[in-house]
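With our numbering applied, the sequence shown has no gaps in its numbers, which climb one by one up to 298 at the end. Every residue, glycine too, gets a C-beta built ideally from N, C-alpha and C.
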Amino acid sequence: MAWAYAELAKEAAKRGGPAALRYFYRGQGIVIGCALTSGAIAGTVAYDKWSKRCVAAAAEPVGESTTEALARGDAQETRHS
218 MAWAYAELAK EAAKRGGPAA LRYFYRGQGI VIGCALTSGA IAGTVAYDKW SKRCVAAAAE
278 PVGESTTEAL ARGDAQETRH S
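Written as structure tokens, this is what we have:
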């Protein structure tokens, strides 16, 4: 415990005292909180765009050429040499 207090005292001395150390760590908390919030918003927007794209792709009608089966004589035959 004494070692941790000594390290904290050294860091407080570098920053200009206990009050400056407290403000420094609050500032870091704000930066980290803003980064996490921005990441969550970006993820939500990306998911929203992705889900809308999937819904739009599923709603497109399938062309008739893909649903009709070719008759036996309609298919092109390949020649083997």
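Assigned secondary structure, residue i (DSSP; H/G/I helix, E/B strand, else coil)
i, result
"Glu277", "coil"
"Gly233", "coil"
Nearest-angstrom Cα separation, counted from residue j out to residue i
i, j, result
"Thr283", "Trp267", "Model confidence at Thr283 stands at a pLDDT of 49, short of 50, so the residue's coordinates are unreliable and nothing is read from them."
"Phe241", "Arg232", "8 Å"
"Gly250", "Thr261", "17 Å"
"Trp220", "Ile247", "28 Å"
"Ser255", "Glu228", "30 Å"
"Arg270", "Arg243", "41 Å"
"Ala226", "Gln245", "19 Å"
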